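Counting in the UniProt record's numbering, the sequence shown runs from 1 upward without gaps.
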Amino acid sequence: MNASPKPSKVVVIGGGIFGVSTSVHLARLGIATVLVNDGRLANGASGRSLAWLNSARKRSGAYHRLRLAGIDRYRTLAARYPDASWLRFDGGLTWDADDDGNEIAEIYDYERDLGYHARWLVPEEIAGATPGVDARAVTPQGAIFNPGEGWVDLPALIDTLAEEFRSLGGEIVTDAGRATIDIEGARVRGVTSANGRRWDAESVLLAAGAAVPAIVAEADQQIEDATPVALLVRTKPVRHPLKAVLNTPRVAIRRTPNGGFALDSAWSEEEVRVNPDGSYDVRRSTLDGLLREASKVLEGNPALEIEDYGVGPKPIPGDGEPVFGELPSIWGYFVAFSHSGATLGLIAGELLADEIATGRRHPLLADFRPERFSPPGR
Numbered sequence: 001m002n003a004s005p006k007p008s009k010v011v012v013i014g015g016g017i018f019g020v021s022t023s024v025h026l027a028r029l030g031i032a033t034v035l036v037n038d039g040r041l042a043n044g045a046s047g048r049s050l051a052w053l054n055s056a057r058k059r060s061g062a063y064h065r066l067r068l069a070g071i072d073r074y075r076t077l078a079a080r081y082p083d084a085s086w087l088r089f090d091g092g093l094t095w096d097a098d099d100d101g102n103e104i105a106e107i108y109d110y111e112r113d114l115g116y117h118a119r120w121l122v123p124e125e126i127a128g129a130t131p132g133v134d135a136r137a138v139t140p141q142g143a144i145f146n147p148g149e150g151w152v153d154l155p156a157l158i159d160t161l162a163e164e165f166r167s168l169g170g171e172i173v174t175d176a177g178r179a180t181i182d183i184e185g186a187r188v189r190g191v192t193s194a195n196g197r198r199w200d201a202e203s204v205l206l207a208a209g210a211a212v213p214a215i216v217a218e219a220d221q222q223i224e225d226a227t228p229v230a231l232l233v234r235t236k237p238v239r240h241p242l243k244a245v246l247n248t249p250r251v252a253i254r255r256t257p258n259g260g261f262a263l264d265s266a267w268s269e270e271e272v273r274v275n276p277d278g279s280y281d282v283r284r285s286t287l288d289g290l291l292r293e294a295s296k297v298l299e300g301n302p303a304l305e306i307e308d309y310g311v312g313p314k315p316i317p318g319d320g321e322p323v324f325g326e327l328p329s330i331w332g333y334f335v336a337f338s339h340s341g342a343t344l345g346l347i348a349g350e351l352l353a354d355e356i357a358t359g360r361r362h363p364l365l366a367d368f369r370p371e372r373f374s375p376p377g378r
């Protein structure tokens, strides 16, 4: 670690789950912390995330272990808020298309060998395991039910954490515009907002979502970027028995706290057009198509109506693995940039706060350091 232990002042840039989670963990450690965001809290990717809590299918062993730790922290949180409508553990159900790419049998064996709780179900068995699914939509190869999975509504969680942060003396500055990290020599000195307000700081965490690679590039640092566009549709409330998160070939679905559904898919994101000015065009046919695909997999094939939708970049590093920790050549400059922000939100905030406070690198983050993108010999 470059930074000196126990900084007296930290500034966090970004009001999504990584920024707010790290801020509240720093405040719990007694460190004076200011959180600065360019708009309201959760105005970026955290506000349009399916927020499925899982470590399903295949990924590196280190990533799997970190995600399991992330799910563990949510279970602790669920015990603290047992009646929360924004955090549920009702399992996840996934199936693949009926083609040569169907991996359900292979994935089941893989998850079972890891000890990840999984049940392989034929379509007729699904109703007995989890309600609300139209079994006719499930392909003949069957589906995997992971009973330990769940979902979280990130804006509601962020509001809860922000309330605690303020109660611990933390300061939240919203609508600050794009913040600039002030660097002198090889050390962070503070943060300046777009309107010229400045905060001195011994350490800074950059958790500005998809903007992270471009911002660190201003300091001659590199983080590879594979950020696509994300589209999340929320439906109006509907009476329906579905509890589990569904991850299907054409649509992913979870409940929302108000009784509606949150929907996304890969194909619908590909249909979003990015305009030259950076705005987005979402066709009505895309939105209606998502509603139809969702209805097909839900028991009773209910008529669904759009309540609202969110569109914007979905942070994904170039190699698909998270990026957490201090930049290799700038003291006190930490970053958080990752997909799976929901699953990792609490654990990443906890571990980053500990590293900032103590100067000790946590082994769970060893494979996710930003220096892996630095040119050899640098």
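Note that CB positions come from ideal geometry on N, CA and C, so glycine has one too.
Computed from a prediction, not measured in an experiment: that's the story for all the values here.
When burial is assigned at 16 or more other CB atoms within 10 Å of the CB, is residue i buried or exposed?
i      : result
Trp95  : buried
Arg292 : exposed
His117 : exposed
Asp153 : buried
Asp319 : exposed
Asp277 : exposed
Glu355 : buried
Val20  : buried
Arg88  : buried
Lys314 : buried
Asp38  : buried
Asn195 : exposed
Trp267 : exposed
Tyr81  : exposed
Pro375 : exposed
Gly260 : buried
Val251 : buried
What does DSSP give as the partner residues of residue i in its beta bridges?
i      : result
Asp264 : Ala252
Asn247 : Thr94 and Ala252
Ile223 : In DSSP, Ile223 forms no bridge with anything.
Thr235 : Ile306
His35  : According to the sequence displayed, residue 35 carries Leu and not His. DSSP output for Leu35 lists Val12 and Ile172 as bridge partner(s).
Arg112 : Arg112 is not bridged to any residue.
Phe373 : Answer is none; Phe373 lacks a bridge partner.
Within this structure, are the beta carbons of residue i and residue j separated by less than 8 Å?
i      : j      : result
Ala230 : Glu171 : no
Ile158 : Ser46  : yes
Leu364 : Ala69  : yes
Gln141 : Ile104 : yes
Leu344 : Pro322 : yes
Ala84  : Pro155 : no
Gly341 : Val245 : no
Leu206 : Val216 : yes
Leu263 : Val233 : yes
Gly310 : Gly209 : no
Val10  : Ser167 : no
Leu77  : Leu346 : yes
Ile71  : Ser49  : no
Pro370 : Pro241 : no
Lys6   : Ala357 : yes
Lys236 : Glu307 : yes
Ser193 : Ala176 : yes
Could you check how far apart the C-beta atoms of residue i and residue j are, in whole angstroms? I think they sit under 8 Å.
i      : j      : result
Asp134 : Glu350 : Rounded, the Cβ-Cβ distance is 40 Å, inconsistent with contact.
Val238 : Pro302 : 6 Å
Gly150 : Asp90  : 6 Å
Gly15  : Leu35  : 6 Å
Val191 : Ile13  : 6 Å
Phe145 : Ala27  : Not confirmed; about 39 Å, so no contact.
Ala143 : Leu161 : Actually they are not in contact, since the Cβ atoms of Ala143 and Leu161 sit about 34 Å apart, beyond 8 Å.
Trp331 : Ala186 : 6 Å
Ser8   : Ala32  : 6 Å
Original post:
At which residue ranges does the stretch 278-326 contain complete alpha helix (DSSP H) runs of 4 or more residues, listed in the order of the chain?
Top reply: 284-297
Original post:
Where in the stretch 3-31 do unbroken runs of the alpha helix (DSSP H), each at least 4 residues long, occur, reported from the N-terminal end onward?
Top reply: 17-28
Original post:
Fully enclosed by the stretch 123-211, which alpha helix (DSSP H) runs are 4 residues long or longer?
Top reply: 126-129 and 154-167
Original post:
Going along the chain, which unbroken runs of the alpha helix (DSSP H) with 4 or more residues stay wholly within the stretch 47-88?
Top reply: 61-80
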